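Input: a single structure, listed below in structure tokens.
Number of protein chains: 2
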Amino acid sequence: MVSLAQTSVVNTVVGSASQLQTLVLSVEDTRHIVEHVGLDALMDEMIARLIQAFEQFDPAQTVVPVRTGFSYEQPHVGLVEWMPLFEKHRQIVVKAVGYHPQNPSLYKLPTVLSTVSAYDPKSGHLTAVIDGTFLTALRTGAASAIATQHLASPDSQILGLIGVGAQAVTQLHGLSRCFDLKQVLIFDRDPAVSQTFTERIACLGLDHLDICQAEISDIVATADILCTATSVDVGHGPVFPDQSLKPWLHVNAVGADFPGKFEVPLSLLERSFVCPDFREQAICEGECQQLKDLKSIGSELSNVVKNPAQYRHYQQRFTVFDSTGFALEDQVAMNMLLDYATELSVGTLIKLESATAEVKNPYSFVL
Amino acid sequence: MVSLAQTSVVNTVVGSASQLQTLVLSVEDTRHIVEHVGLDALMDEMIARLIQAFEQFDPAQTVVPVRTGFSYEQPHVGLVEWMPLFEKHRQIVVKAVGYHPQNPSLYKLPTVLSTVSAYDPKSGHLTAVIDGTFLTALRTGAASAIATQHLASPDSQILGLIGVGAQAVTQLHGLSRCFDLKQVLIFDRDPAVSQTFTERIACLGLDHLDICQAEISDIVATADILCTATSVDVGHGPVFPDQSLKPWLHVNAVGADFPGKFEVPLSLLERSFVCPDFREQAICEGECQQLKDLKSIGSELSNVVKNPAQYRHYQQRFTVFDSTGFALEDQVAMNMLLDYATELSVGTLIKLESATAEVKNPYSFVL
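Going down the list, the protein sequences come from chains A and B.
End of the first sequence sits at 368 in this note's numbering; the numbers just go up one at a time, nothing left out.
End of the second sequence sits at 368 in this note's numbering; the numbers just go up one at a time, nothing left out.
In structure tokens:
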């Protein structure tokens, strides 16, 4: 094990067994990167990189299968699944993500635990393993920011947040980088979670914002932009009523990630432009699973970003971003962090795969 | 990052964020374990643990989906895929495995590169990441040894090896622990590979064995047990002719792991008891893909091990073990190595997943 010198991580040239090392970024390493770059600069760069990735996204070159995994009721409700991506010739990225809503109460752990692995398709070598929890939060906030930039009224000032757990922090962060927000109305079914929200976003330096707890009905009647990021149980959605909405309301529906789980009223979806991050997956796990007529699903976010003028008229209408999580976002976030790891020489290179110069002998490494 | 003290790895009790560490076993760590335990003892224990796992295997408790992944022709022929396993309540194991037949010639790397990850289904926590290359070699040898023990003639003395790359080393190793072998007849289409075989198995201490290079026709006419472990190209099988075989020949067909790739003549399969490691996968990627009549596929190895008496009469008939790789074998091998890592205090604990006491703030770990 050696500490990382100046090495290009993402495009590591596979040479021989002696170079077969995997970059492992610990939480400490990520902290070092965030402290060096700054949270705002990191979010801004994430948004910029993700816009560029959407513009360049070519499904013929980057294959993104629907995630698969294991979901279960015992010992607690949860799932562990894999979100793979293959950018031909360049990189394979697999995010393993666990969703266990009882983690906070039972284990004092976040609901989402995650790691991301990158492989070199030339040889199959595992080039890097990094935390996916922070990265997922960051990219989910960035994706909503991009969708909102394209689909919400540009002078939106009032943000509503229904569910103000971990995801709400990055939703607000991303949006605050793109909109001149004045007021944030928040609700969480757990009052203790609402109460800590201001404290939790203190690091974002948004002191000018008027942040108020409010009833759901008041939030939806007032908000220009609404983010739902709840752990609503399967079959218990939607999480807000379809009444008294501003006619230009844009919703970022972030919570749905499970068959049967959804947050947005069907009647609102039916008269909105619904923009999924990843259509095929949104139909299975997102708000789109409510739409029996698949024709009523709008373009994916990558298409909206490619042709912004074509979608600008929706900024004065109801729009819903159906965010289920898209592996391209994880790839972009991972590569940004790996680039900073290289630049700042953080991370640990570990020889994890047993390979020696004598490739035809699986035991030679012990001799 | 701290070095591993005496901690139970496999059954780590998830406590709180401060305990959320992942055990990473480097190649050095694995080497330490192998040197301490010894290759023969490790293979013997692998065989014993795998027999026990087969005996206890309950598909209702341990879910093993068919592997999925990406396969491609460019920049070189290859695939990277994931073999997941979920033992309910206890463990999720995912092996990532790359198969790139040009690795040895292009990069001086093994054809197979692999890592294995284990997750705690209580919280989704990644408990361990270890090399999968050595582990795959070991468990593939052990699986063939177990199949051969159950299905070959007990006094088999002559082993034929067609394809004597990395896999052949562990095939011979596993079989040498269960049979009183006298002679090994070897063939590889690359003479350079044949020439180094004796040298590569020197670590096995099998000096009493008569190891001879031979033509394929002589090998199949003489062998009691035959192992095929080739990188035959798709559509170019079988790798030996169906002629002059001993009527009790047992074949371990190890190479097939790709749609269209197979090693055993169909005519031999049709008059053999064909025992797949994992039926559903063998039908897609193994020798079983040649058998259009699925009824002609025999029981899986786990069933044979559960009811040995029922299958003993096949020891005097043609039998084929269709080994495509079964995630249960990987789980058993991983847990054996993790148990030794605990016992010997090797490995590195890394805090890889960003989680802090403040579970509702994805940014709190940087504050």
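We treat Cβ as the ideally placed atom computed from N, Cα and C, and that holds for glycine.
Remember, it's a predicted structure, so these values are computed and weren't measured experimentally.
Nearest-angstrom Cα separation, counted from residue j out to residue i
i	j	result
Q172(B)	T141(B)	7 angstroms
K352(B)	G125(B)	14 angstroms
H101(A)	I187(B)	52 angstroms
E200(A)	G79(A)	29 angstroms
A342(B)	G348(B)	6 angstroms
Q62(B)	H90(B)	9 angstroms
Y312(B)	R272(B)	16 angstroms
Y108(B)	D41(B)	30 angstroms
S118(A)	A215(B)	44 angstroms
I217(A)	I163(A)	7 angstroms
L292(A)	V95(B)	34 angstroms
T112(A)	D156(B)	57 angstroms
I52(B)	T197(A)	53 angstroms
K123(B)	L270(B)	44 angstroms
P266(B)	Y315(B)	19 angstroms
E264(A)	E288(A)	7 angstroms
Y364(B)	V306(A)	28 angstroms
Q92(A)	N336(A)	10 angstroms
M44(B)	L139(B)	7 angstroms
G238(A)	Q20(A)	51 angstroms
V28(A)	I131(A)	8 angstroms
V81(A)	R68(A)	10 angstroms
G326(B)	M47(A)	40 angstroms
H209(A)	A203(A)	11 angstroms
Residue i vs residue j beta-carbon contact at 8 angstroms
i	j	result
A193(B)	T229(B)	no
K183(B)	I220(B)	no
L152(A)	F274(A)	yes
F319(A)	L250(A)	yes
N406(A)	V170(B)	Residue 406(A) cannot be examined here, being either before or after the span of chain A that is shown, 2 to 368.
A148(A)	L302(A)	yes
K262(B)	V240(B)	no
A144(B)	E330(B)	yes
E281(B)	A257(B)	no
L86(A)	Q332(A)	yes
S245(A)	A224(A)	no
F322(A)	V252(A)	yes
Reference residue i; option with closest CA among the options
i	options	result
A334(A)	L21(A), Q20(A), Q22(A) and V35(A)	V35(A)
L114(B)	E359(A), S355(A) and K361(A)	S355(A)
L26(A)	R91(A), T134(A) and D189(A)	T134(A)
A129(B)	S365(B), V367(B), F366(B) and L339(B)	L339(B)
L205(B)	S145(B), G39(B), Q20(B) and R32(B)	G39(B)
G299(A)	W83(A), D278(A) and L107(A)	D278(A)
P1(B)	D323(B), E88(B) and S72(B)	Examination of residue 1(B) is not possible in this model, given that chain B is present from 2 through 368 alone.
L110(B)	G166(B), D45(B), L267(B) and A224(B)	G166(B)
Q75(A)	Q20(B), D121(B), G238(B) and F259(B)	D121(B)
S72(B)	H37(B), P260(B), D243(B) and E56(B)	P260(B)
Q150(A)	L350(A), Q317(A), T31(A) and E344(A)	Q317(A)
K247(B)	N104(B), H37(B), R32(B) and S154(B)	S154(B)
Q22(B)	L127(B), P105(B) and H33(B)	L127(B)
Buried/exposed call for residue i, threshold 16 Cβ in 10 Å
i	result
R178(B)	buried
A328(B)	buried
N308(A)	exposed
L295(B)	exposed
R190(B)	exposed
E359(B)	buried
G16(A)	With a pLDDT of only 48 at G16(A), under the threshold of 50, the placement of this residue in the model should not be trusted; the figure read from the coordinates follows. When all chains shown are included, G16(A) counts as exposed.
S346(B)	exposed
T231(B)	buried
D370(B)	No answer is possible for residue 370(B): the residues shown for chain B start at 2 and end at 368.
I70(B)	Looking at the sequence provided, one finds Gly at residue 70(B) rather than Ile. The residue in question, G70(B), is buried, as its Cβ has 16 or more Cβ neighbours within 10 Å.
S268(B)	exposed
C276(B)	buried
Contact test: residue i Cβ vs the ligand HEM heavy atom, cutoff 7 angstroms
i	result
E359(B)	In terms of ligand content, the structure shown is empty, and the ligand HEM therefore cannot be addressed.
**Request:** Taking only beta carbons into account, state which residues of the segment 145-167 of chain A come closer than 9 angstroms to chain B, listed in chain order.
**Result:** V165, G166 and A167
**Request:** May I ask you to list, following chain order, the residues of the segment 172-201 of chain B that have a beta carbon less than 7 angstroms from some beta carbon of chain A?
**Result:** V194, T197 and R201
**Request:** Pull out every residue of the segment 298-326 of chain B whose Cβ sits closer than 7 angstroms to any Cβ of chain A, in chain order.
**Result:** none
**Message:** Any C-beta of chain B within less than 9 angstroms: which residues of the segment 53-83 of chain A qualify?
**Reply:** V64, P66, T69, G70, F71, Y73, Q75, P76, H77, G79, L80, V81 and W83
**Prompt:** In chain order, what residues of the segment 213-238 of chain A put their CB closer than 9 angstroms to some CB of chain B?
**Reply:** none
**Request:** Residues of the segment 84-101 of chain B with a CB closer than 8 angstroms to any CB of chain A: list them in chain order, please.
**Result:** P85, F87, K89, H90, I93, V95, A97, V98, G99, Y100 and H101
**Contacting positions in the segment 105-132 of chain B - beta carbon closer than 9 angstroms to chain A** = P105, L107, Y108, K109, L110, P111, T112, V113, L114, S115, T116, S118, Y120, D121, P122, K123, S124, G125, H126, L127, V130, I131 and D132
**Message:** Any C-beta of chain A within less than 7 angstroms: which residues of the segment 260-277 of chain B qualify?
**Reply:** none
**Message:** Under 8 angstroms, CB to CB, which of the residues in the segment 348-366 of chain B have a partner in chain A?
**Reply:** T349, I351, K352, L353, E354, S355, A356, A358, E359, V360, K361, N362, P363, Y364, S365 and F366
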